[in-house]
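What follows is one structure encoded as structure tokens, with my remarks underneath.
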Amino acid sequence: MTEVRVRIAPSPTGNLHLGTARTALYNYLFAKKHKGKFVLRLEDTDNERSDEKYTKDIIDGLKWLGLSWDEGCDIGGPYPPYRQTEKIDHYEHIADKLLTNGFAYLCYATPEELAAMKEEQKQKGKSIRYDNRSRDLSDEARSKYEAEGRLPSFRFRIDEPQDVRWDDEIKGPITVNTSDLGGDMVIIKSNGVATYNFAVVIDDIDMQMTHVLRGEDHIHNTAKQLLLFEALNCKAPHYGHTGLIFDSNDRKLSKREHGELVHIDFYRIEGYMPEAIVNYLIKTSWTPPNDWTSANGTDEIFSLIEAEQIFDIKRVSKAHARFDMDKLNWYNAHYLRSLPLSTVTERARPYLTDFDLSECSNAELEKLVGAVRDGLTKLSEIKAAARFFFGNLVDVPLDVKEQVLSSDDARKVLGETLSSLSKMPFEDPKGVKHVVDTLGKELGIKGKNLYWPLRAALSGSTQGPDLGSMMSVLGPNKVQARLKAALSNGNGGSHV
RNA sequence: GGCGUCGUGGCCAAAUUGGUUUAAGGCACCGGGCUUUCACCUCGGAAACUGGGGGUUCGAAUCCCCUCGACGUCACCA
């Protein structure tokens, strides 16, 4: 059996898109599952829109997700080049061959003429297509056009009608009639550059691809490409087409309509865990085998590694995927609190640049992150959640002061806690909490009346992580300072 | 418009590929427990006659026909 070879072939005309990432994931998983090779190829023949910065974003994004490839435009491999602009001549050379075999011909129609033709077809209510007008140009006509200085494009003959069929890895049998392909297709543009459909076929041949998994917006391209494989007398790869990703209104996810929401980088910046994105993206259109449960005891949560073992292209849904931010958030919250604390802490650092991190050791920072991570859905929220920790004192809003700190009971709680500080095992959250509880019992104060004054005095808010962890994180010095401050101006001072 | 693909609770989706499924599970939602609130965790609940209509069959979400809807595609973009 030949080795499985698949690829992701983005065009660097924009940042890494959610859909591209999902397709990359499926290809990657397919390769891993079959112990094959995964290739990253750049389809950059559109020199108008291509940009190096997009190439960087795409590569960085794929790596961030945890994907790696065996061959690619950045690392090379046995079938170079992996960038279409570096093999323009090669495409033209193959096109020449098609020309001499009669599979292709030169077309001298100008963009204006083609536009006029389409306009006319539109007027008549006919479907828009190329009318194959240059198929059998006489030598005289050709010389005349040449003399006019017209630059020809290469067109590939598409005989019609004729059914093109293939057994799609995801959708099952698909049939497309050549009459619906829009007429003879351009394979080399008049500027000498290969079109997408032509370059892809040559590349897939050169790189010996065995499977092509991509979005269903390529179904008609597949028909065209299959014809090209035939003309080139090469074995075509197997194809699989996934449904596209839509929003809740059945609109395709697009930069135009959804802005940054379609870019992987947006999620990285917002503080989503790559593990969550990967898990979510894979799960949107694919379900693990029925009898499988992950180490987590569920078939919802799984890692890339786990997916590599059990991925089966046949279980990719035929239907469209729907982007569901709630579910993504659920995944992210899950990973935020189940990933190793050290990992989350490292990833949290960039979000805490407002604070003076030299103030705390790495161990203290981990403790802090550990205390607040349960309440987060994404890391960008940690700035607000962790604010209470930094600085010796804390700002207590006036209304909180009045409502929570001004009563006699509140002052009693603060005062007693202050004098019990020496009894508190600060390294142990539960122990600290226990001391507070005991104290409450002695004072005959419990519930909110007991906890809220402490919360307010220590963090400026009545909400937040568990009181014990909070005090433990703050440590004796800050706790003492803040309790004192609250006690000294609990009746109205507005400064810290 | 032509051609193509898809259609199971509010959303995603399973159903050993026609047979104990009185249609899994997750998200969201609602309620109980745990908790100082929120959250986390945990337990439970409500929610679909499988787009609609016909067939075939002892039996259909699964097969056939019709119909509706959504989306894709009809470039010298990729």
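Be aware that the first sequence starts at -18, since it is given in the working numbering, and climbs by one per residue. Where a beta carbon is used, it is the ideal one built from N, C-alpha and C, also for glycine.
- Item | CB contact flag (residue 98, residue 139, <8 angstroms) | The sequence position of residue 98 within the first sequence is 117, counting from 1. The sequence position of residue 139 within the first sequence is 158, counting from 1. In this structure, residue 139 does not lie closer than 8 angstroms to residue 98 by Cβ.
Reference residue 28, options 360, 55, 170, 101, closest by Cα = Here the question's residue 28 lines up with position 47 in the first sequence. Minimum Cα distance to residue 28 is reached at 170.
Item to complete: Could you have a look at residue 552 and say whether DSSP puts it in helix, strand or coil?
Response: Because the chain here runs from -18 to 477, residue 552 falls outside it and cannot be looked at.
>> Taking the alpha helix (DSSP H) that residue 416 belongs to, which residues open and close that run?
In response: As a first step, residue 416 must be located in the first sequence, where it is residue number 435. Here the alpha helix (DSSP H) through residue 416 covers 410 to 424.
What number of angstroms, rounded off, separates the C-alpha of residue 265 from the C-alpha of residue 16? Along the first sequence, one-based indexing puts residue 265 at 284. Along the first sequence, one-based indexing puts residue 16 at 35. Distance between the alpha carbons of residue 265 and residue 16: 24 angstroms.
inquiry  = Residues in the same chain with beta-carbon distance under 8 angstroms from residue 4, minus the five sequence neighbours each way, listed in chain order, please.
reply    = Translated into positions along the first sequence, residue 4 becomes position 23. Closer than 8 angstroms at Cβ, skipping near neighbours: -11, 194, 195, 196, 223.
Mapping the DSSP letters down to three states, classify residue 19 as helix, strand or coil. Reading the first sequence from its first residue, position 38 is the one you call residue 19. In the structure shown, residue 19 sits in a strand (DSSP, three-state: E or B).
>> Suppose contacts are defined by Cβ-Cβ distances below 8 angstroms. Is residue 241 in contact with residue 232 by that definition?
In response: As a first step, residue 241 is located in the first sequence; it is residue number 260 there, counting from the start. As a first step, residue 232 is located in the first sequence; it is residue number 251 there, counting from the start. Not in contact: residue 241 and residue 232 (Cβ atoms no closer than 8 angstroms).
*asked:* Output needed for residue 236: all residues of its chain with C-beta closer than 8 angstroms, excluding positions within five of it in sequence on either side, in chain order.
replied: Here residue 236 refers to the residue found at position 255 when the first sequence is read from its first residue. Closer than 8 angstroms at Cβ, skipping near neighbours: -5, -2, 243, 244.
So residue -15 is in the beta strand (DSSP E); what residue range does that whole segment cover? In the first sequence, residue -15 corresponds to position 4, counting from 1. Looking at the DSSP string, residue -15 is not in any beta strand (DSSP E), and its letter there is neither H nor E.
Report yes if the C-beta of residue 45 is less than 7 angstroms from at least one heavy atom of the ligand ZN; otherwise report no. This structure does not include the ligand ZN; it has no bound ligands of any sort.
Name the DSSP bridge partner or partners of residue 482?
Residue 482 is absent from the structure shown; the chain starts at -18 and stops at 477.
*asked:* Taking the alpha helix (DSSP H) that residue 111 belongs to, which residues open and close that run?
replied: In the first sequence, counting from the first residue as 1, residue 111 sits at position 130. Careful: residue 111 lies outside any alpha helix (DSSP H) and carries neither H nor E.
What's the C-alpha gap between residue 453 and residue 0? The residue given as residue 453 occupies position 472 in the first sequence. The residue given as residue 0 occupies position 19 in the first sequence. Distance between the alpha carbons of residue 453 and residue 0: 44 angstroms.
Residue 86 in three-state terms, based on DSSP
Here residue 86 refers to the residue found at position 105 when the first sequence is read from its first residue. Residue 86 falls in the strand class under three-state DSSP.
**Q.** Candidates 326, 293, 349, 440, of which the one nearest residue 151 by Cα
**A.** In the first sequence, counting from the first residue as 1, residue 151 sits at position 170. Checking every option, the nearest Cα to that of residue 151 belongs to 293.
- Buried versus exposed, by CB contacts within 10 Å (16 or more), residue 433: In the first sequence, counting from the first residue as 1, residue 433 sits at position 452. Burial call: buried.
Taking the continuous beta strand (DSSP E) assigned at residue 146, which residues delimit it? As a first step, residue 146 is located in the first sequence; it is residue number 165 there, counting from the start. Segment 144 to 149, the beta strand (DSSP E) holding residue 146.
>> Alpha carbons only, please: which of 373, 154, 215 is nearest the one belonging to residue 455?
In response: Here residue 455 is taken as the residue at index 474 of the first sequence, counted from 1. Of 373, 154, 215, the residue nearest in Cα terms is 373.
Notebook entry, point to check: Is it buried or exposed for residue 363, if we count other Cβ within 10 angstroms and need 16 for buried?
Noted result: Numbered from its first residue, the first sequence carries residue 363 at position 382. Buried, by the Cβ-count rule.
Residue 471, DSSP secondary structure in three states
Translated into positions along the first sequence, residue 471 becomes position 490. With a pLDDT of 47 at residue 471, under the threshold of 50, the modelled position of that residue is not reliable, and no figure is offered here.
Nearest-angstrom beta carbon gap, residue 72 and residue 186 [assumed within contact, 8 angstroms]: Stepping through the first sequence from its first residue, residue 186 is reached at position 205. Stepping through the first sequence from its first residue, residue 72 is reached at position 91. Their Cβ separation, rounded to whole angstroms, is 11 angstroms, which puts residue 186 and residue 72 out of contact at 8 angstroms.
Which residues mark the beginning and the end of the alpha helix (DSSP H) in which residue 178 is found? By 1-based counting over the first sequence, the position of residue 178 is 197. Run containing residue 178: 177 to 187, per the alpha helix (DSSP H) assignment.
>> I need the straight-line Cα distance from residue 137 to residue 246, nearest angstrom please.
In response: Start at 1 with the first residue of the first sequence, and residue 137 comes out as number 156. Start at 1 with the first residue of the first sequence, and residue 246 comes out as number 265. Their Cα atoms are separated by approximately 39 angstroms.
Measure the alpha-carbon distance for residue 431 versus residue 356 and round it to whole angstroms. As a first step, residue 431 must be located in the first sequence, where it is residue number 450. As a first step, residue 356 must be located in the first sequence, where it is residue number 375. Looking at the two C-alpha atoms, the distance is approximately 22 angstroms.
- Measuring CA to CA, which of 290, 377, 133, 424 is closest to residue 398? Taking the first residue of the first sequence as position 1, residue 398 is located at position 417. Of the candidates 290, 377, 133, 424, the one whose C-alpha sits nearest the C-alpha of residue 398 is 424.
- Task: Would you kindly work out how many angstroms separate the C-alpha atoms of residue 379 and residue 326, rounded to a whole number?
- Result: For the purposes of this step, residue 379 is taken as residue 398 along the first sequence, with counting starting at 1. For the purposes of this step, residue 326 is taken as residue 345 along the first sequence, with counting starting at 1. Cα to Cα, the separation comes out at about 32 angstroms.
Check: Should residue 189 and residue 63 be called a contact, given that it needs their Cβ atoms to be closer than 8 angstroms?
Finding: Mapped onto the first sequence, residue 189 falls at position 208. Mapped onto the first sequence, residue 63 falls at position 82. Cβ atoms of residue 189 and residue 63: not closer than 8 angstroms.
Taking the alpha-carbon positions, what's the residue 113 to residue 276 distance?
-> Translated into positions along the first sequence, residue 113 becomes position 132. Translated into positions along the first sequence, residue 276 becomes position 295. Using only the alpha carbons, I get a separation of about 59 angstroms.
In whole angstroms, give me the CA-to-CA distance for residue 104 and residue 164. As a position in the first sequence, residue 104 is number 123, starting the count at 1. As a position in the first sequence, residue 164 is number 183, starting the count at 1. If you take the alpha carbons of residue 104 and residue 164, they lie about 19 angstroms apart.
| task | Kindly indicate which residue of 319, 268, 279 has the alpha-carbon position closest to the one of residue 298. | result | Within the first sequence, residue 298 is the residue found at index 317, counting from 1. The shortest Cα separation from residue 298 among 319, 268, 279 belongs to 268.
Per DSSP, cross-strand counterpart(s) of residue -2: Taking the first residue of the first sequence as position 1, residue -2 is located at position 17. Looking at the DSSP assignment, residue -2 forms a beta bridge with 244.
*Who are the Cβ neighbours of residue 351 in its own chain at under 7 angstroms, not counting the five residues just before and after it?*
As a first step, residue 351 must be located in the first sequence, where it is residue number 370. Once the five neighbours on either side are set aside, the close Cβ partners of residue 351 are 322.
Three-state secondary structure (DSSP) of residue 270 | By one-based count along the first sequence, residue 270 stands at place 289. Residue 270: coil per DSSP, three-state reduction.
Report all residues from its chain with a CB closer than 8 angstroms to the CB of residue 176; omit the five preceding and five following residues, and keep chain order. What you label residue 176 is simply residue 195 of the first sequence in a count that begins at 1. So the qualifying residues of the chain are 26, 166, 167, 168, 169, 170.
Inset, instruction - Report the three-state DSSP secondary structure of residue -7 (helix, strand or coil). - result: The sequence position of residue -7 within the first sequence is 12, counting from 1. Coil at residue -7, not helix or strand.
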